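Under numbering that gives the first Met the number 0, the sequence shown has 57 at position 58, and the numbering climbs by one with no breaks. Glycine included, every Cβ here is placed at the ideal spot set by N, Cα and C. Note that the coordinates shown come from a computational prediction; the quantities given were computed from them, not determined experimentally.
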Amino acid sequence: MSGSSLGDRVLAEVKQQYPNAIECSIIDHSDGCGAKLELTVVSDSFEGMMLLKRHREIQNHLKEKGLFDEIHALQIKAWTPSQWEKKKGDN
0 MSGSSLGDRV
10 LAEVKQQYPN
20 AIECSIIDHS
30 DGCGAKLELT
40 VVSDSFEGMM
50 LLKRHREIQN
60 HLKEKGLFDE
70 IHALQIKAWT
80 PSQWEKKKGD
90 N
């Protein structure tokens, strides 16, 4: 994946981490350099898990894969399916 952007590589890793996620997307707010990423993951794996634990689980996985140090800012939206439905309904 050497030709892939940082955002693409982060997204691929998170999709492997949560293969049954109903939503997994990334927005690069830094014109492709990956300095500022917004990651959305919706998975039933998050049921009963505190928000901070969800974020740490994702961050630790990216650290293990050597990607976390390349990211300047990462906004994580890690939601359960019911939270995702509520967020979509609020818009």
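Determine whether the beta carbon atoms of residue i and residue j lie at a separation below 8 Å.
| i | j | result |
| --- | --- | --- |
| V40 | A20 | yes |
| G65 | L36 | no |
Give the straight-line distance between the Cα atoms of residue i and residue j, rounded to the nearest whole angstrom.
| i | j | result |
| --- | --- | --- |
| A77 | I25 | 12 Å |
| W69 | R8 | The identity of residue 69 in the sequence shown is Glu, whereas the question assumes Trp. Spanning the two alpha carbons is a distance of roughly 11 Å. |
| M0 | Q74 | Low per-residue confidence applies at M0: pLDDT is 46, beneath 50, and the placement is therefore not dependable enough to give any value. |
| S44 | T79 | 7 Å |
| V48 | G88 | According to the sequence shown, residue 48 is Met rather than Val. Distance between the alpha carbons of M48 and G88: 22 Å. |
| K85 | I57 | 22 Å |
| S42 | K52 | 14 Å |
| C23 | W83 | 12 Å |
| V13 | F67 | 12 Å |
| D27 | A34 | 8 Å |
Drop a sphere of 10 angstroms on the beta-carbon of residue i, count the other beta-carbons inside from all chains shown, and report buried for 16 or more, exposed for fewer.
| i | result |
| --- | --- |
| C32 | exposed |
| Q16 | buried |
| S3 | exposed |
| L61 | buried |
| S81 | exposed |
| L50 | exposed |
*What are the uninterrupted segments assigned as beta strand (DSSP E) that are 3 or more residues long and contained completely in the region 7-80, given in chain order?*
Restricted to the region 7-80, the beta strand (DSSP E) segments that are unbroken, complete and at least 3 residues in length are 22-27, 35-41, 72-78, listed in chain order.
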